[in-house]
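Comments concern the structure below.
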Amino acid sequence: MILPRERRESSRAVTTATAVLLAAAASMLLVVVSMQHTAVSSVGIGIAGLSSRSRGNIALTGSMTKPRLSGLGRRPGLRAFGSETETYEFPFARIVGQDDMKLSLLLNAVDPKIGGVLIFGDRGTGKSVCIQSMKSVLPLIESIKADPYNSHPTDPNLQGSEVRESIAAGKDLDTVFIKTPVIQLPLGATEDKVCGTINMEEALLSGEKKFEPGLLAKANRGILFVDEINLMEDSLVDVVLDSAAGGYNKVEREGISAEHPARYILIATGHPDEGELRPQLLDRFGLFVTVSTIQNSTLCTQMILDRLEFDDDPQAFCEKVEEEQEAIRNQIDRARKLLPQVKVPDEHQVTVAEVCGRLGTEGIRGDLACIRAASAAAALDGRTEVTFEDLERVVPLAIGHRLKKDPTDPVFDMKRKGIVVSALKRMADPEAFMRKPETASA
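The number in the working numbering is simply the position in the sequence shown, starting from 1, with 13 added.
Laid out in structure tokens, this is it:
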């Protein structure tokens with residue numbers, strides 16, 4: 014029989030042993046974290062010391078990653094600027110065909126409020142390559158130095174909380190010009206990786222709860238690229254679309270509460286054989302583009318020759334077409350400055366409303382996308398007034414995926430574009446459709 018005193022002593026012994034085990038586990042965890050730091054540092058030092066032959070690689074997204082090592086002569090894809098890594102993307106100016114896809118990307122670059130673009134089509138048609146090539150034609154943006162949210166120096170709506178507090182306190186913050194971020198969201202990414210979560214390393218080392226930004230923070234003021242979006246979990250797609258529409262990402266988990274700007278252009282791709290998106294998700298994209306394999310042998314030959322030349326020497330090929338790339342950069346920059354001055358005539362606004370109503374689109378997202386895309390198209394051409402030709406170019410892209418359809422009718426059916434164009438012309442000139450064609454007299 015165990016006496017009460019003995020029972021208390023036994024309980025204290027168990028408690029002491031448990032505390033010792035927990036302390037030992039915490040110590041081992043800290044040791045593992047420290048070892049990871051050392052390993053990462055060692056890997057970084059080792060990579061910096063590798064030769065160019067062992068470091069160069071070709072990415073699967075149409076880009077070439079080449080090292081920048083000092084003291085080396087010029088070799089294909091090699092630039093000697095210290096120990097940084099230089100990545101060459103296939104030039105946007107040399108993307109052959111696919112005019113609708115290129116136009117939709119440029120329109121969103123001019124006005125991110127259009128709502129992004131969803132690109133469906135065959136494999137190997139250059140969807141991912143075209144999106145990644147946008148890195149080289151987007152103008153540089155001014156950002157607070159070493160800020161995880163790419164905060165704008167003056168616009169508080171595009172600043173993280175720490176930057177706003179520093180500015181309010183009268184601190185002078187250094188700014189730098191950086192490339193517009195193009196962040197690709199991996200297919201198997203978790204919600205914590207996308208939205209952000211608690212920094213476990215900081216919590217273990219200092220005992221403080223600190224927010225670790227996710228991919229949405231990195232994409233602020235840039236592009237978030239989602240490949241094969243129809244294979245991604247619907248819950249994660251909802252999170253990305255909600256943040257894109259609201260411009261902010263709010264995280265409430267593990268005892269932390271954080272909010273940061275997340276204003277990005279959402280660009281997604283998909284293959285029709287791998288399934289479709291729900292109509293609710295389709296409606297959230299401003300523009301929709303269907304791409305197909307190029308059948309023109311001349312264009313195909315030019316595309317193959319350019320790709321082979323790029324793979325052989327990415328640096329030389331990019332330098333060769335730099336003037337064309339610079340012309341596109343200047344066109345986007347001028348269009349952004351001109352966009353606030355662009356006017357849409359009343360008759361064109363009425364035409365858009367009538368077309369959307371006649372085709373049965375729900376809500377006003379289609380109307381807004383049409384007006385904004387048409388204004389961006391006019392700004393790209395250097396004009397301050399939208400014309401009917403602008404509507405012909407953008408209205409099919411803005412409302413084609415919003416049409417009601419039969420369950421057996423695929424969303425990427427090319428007939429939808431013809432339906433929209435026909436309705437647009439009918440609204441603009443109804444008498445032309447009322448006239449009967451003249452028949453030749455016998």
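By construction, the Cβ of each residue, glycine as well, lies at the ideal position given by its N, Cα and C atoms.
Distance, Cα to Cα, residue i vs residue j?
{"i": "Glu155", "j": "His165", "result": "7 Å"}
{"i": "Thr138", "j": "Ser310", "result": "14 Å"}
{"i": "Lys158", "j": "Gln293", "result": "38 Å"}
{"i": "Thr282", "j": "Ile242", "result": "6 Å"}
{"i": "Leu437", "j": "Glu405", "result": "7 Å"}
{"i": "Leu237", "j": "Thr400", "result": "31 Å"}
{"i": "Glu265", "j": "Ala271", "result": "7 Å"}
{"i": "Arg81", "j": "Thr100", "result": "Low per-residue confidence applies at Arg81: pLDDT is 39, beneath 50, and the placement is therefore not dependable enough to give any value."}
{"i": "Arg320", "j": "Lys148", "result": "18 Å"}
{"i": "Thr397", "j": "Gly268", "result": "51 Å"}
{"i": "Asp346", "j": "Ala340", "result": "10 Å"}
{"i": "Glu336", "j": "Ile211", "result": "45 Å"}
{"i": "Ser248", "j": "Thr203", "result": "10 Å"}
{"i": "Asp124", "j": "Val195", "result": "16 Å"}
{"i": "Ala389", "j": "Ile278", "result": "15 Å"}
{"i": "Met440", "j": "Gly299", "result": "22 Å"}
{"i": "Gly173", "j": "Lys140", "result": "32 Å"}
{"i": "Pro89", "j": "Lys263", "result": "Unreliable placement is indicated for Pro89, whose pLDDT of 37 sits below 50; the coordinate value is still reported in the next sentence. Each residue's alpha carbon lies about 45 Å from the other."}
{"i": "Asp324", "j": "Val142", "result": "13 Å"}
{"i": "Gly201", "j": "Met245", "result": "8 Å"}
{"i": "Gln49", "j": "Gln197", "result": "Low confidence applies to Gln49: its pLDDT is 46, below 50, so where it sits in the model is not reliable, and the reading given next is rough at best. Distance between the alpha carbons of Gln49 and Gln197 is about 26 Å."}
{"i": "Asp205", "j": "Pro409", "result": "37 Å"}
{"i": "Ala275", "j": "Glu360", "result": "35 Å"}
{"i": "Ser65", "j": "Gly235", "result": "Any reading at Ser65 must be qualified, since the residue scores a pLDDT of 35, below 50, and its modelled position is unreliable; no value is offered."}
{"i": "Arg68", "j": "Lys115", "result": "Low confidence applies to Arg68: its pLDDT is 34, below 50, so where it sits in the model is not reliable, and the reading given next is rough at best. Cα to Cα, Arg68 sits roughly 32 Å from Lys115."}
{"i": "Ala387", "j": "Tyr261", "result": "26 Å"}
{"i": "Gln338", "j": "Leu118", "result": "15 Å"}
{"i": "Arg136", "j": "Val130", "result": "18 Å"}
{"i": "Gln344", "j": "Glu214", "result": "45 Å"}
Provide the residue(s) that pair with residue i in DSSP beta bridges, ordered along the chain.
{"i": "Gly220", "result": "Partner(s): none; Gly220 has no beta bridge."}
{"i": "Val130", "result": "Ile280, Leu300"}
{"i": "Glu214", "result": "Partner(s): none; Glu214 has no beta bridge."}
{"i": "Glu225", "result": "Thr210"}
{"i": "Glu398", "result": "Lys356"}
Going by DSSP, what residue range makes up the beta strand (DSSP E) through residue i?
{"i": "Val239", "result": "236 to 239"}
{"i": "Val195", "result": "195 to 198"}
Helix, strand or coil, according to DSSP, for residue i in the structure here?
{"i": "Arg177", "result": "helix"}
{"i": "Pro353", "result": "helix"}
{"i": "Phe109", "result": "Just to set this straight, residue 109 is Val in the shown sequence, not Phe. Coil."}
{"i": "Asn343", "result": "helix"}
{"i": "Gly413", "result": "helix"}
{"i": "Val433", "result": "helix"}
{"i": "Phe190", "result": "strand"}
{"i": "Glu405", "result": "helix"}
{"i": "Ala182", "result": "coil"}
{"i": "Ser117", "result": "helix"}
{"i": "Pro125", "result": "helix"}
{"i": "Ser67", "result": "Any reading at Ser67 needs caution, since the residue's pLDDT is 36, under 50, leaving its predicted position unreliable; the model's value is listed next. It is helical."}
{"i": "Gly57", "result": "Residue confidence is low: Gly57 scores 40 on pLDDT, short of 50, so the model does not pin down where it sits. No coordinate-derived value is stated."}
Since residue i is in the alpha helix (DSSP H), which residue starts that stretch and which ends it?
{"i": "His273", "result": "From DSSP, His273 is part of no alpha helix (DSSP H) but of the beta strand (DSSP E) over 269 to 274."}
{"i": "Glu367", "result": "359 to 372"}
{"i": "Leu381", "result": "378 to 393"}
{"i": "Val207", "result": "204 to 208"}
{"i": "Leu228", "result": "228 to 231"}
Write down every uninterrupted run of the alpha helix (DSSP H) in the segment 135 to 180 whose length is 4 residues or greater and which is fully enclosed by it, in chain order.
DSSP runs (the alpha helix (DSSP H)) wholly in the segment 135 to 180: 140 to 145.
Write down every uninterrupted run of the beta strand (DSSP E) in the segment 275 to 340 whose length is 3 residues or greater and which is fully enclosed by it, in chain order.
Qualifying beta strand (DSSP E) stretches, in chain order: 278 to 283, 300 to 304.
Complete runs of the beta strand (DSSP E) confined to the segment 237 to 266 [at least 3 residues]
Here the runs fully enclosed are 261 to 266.
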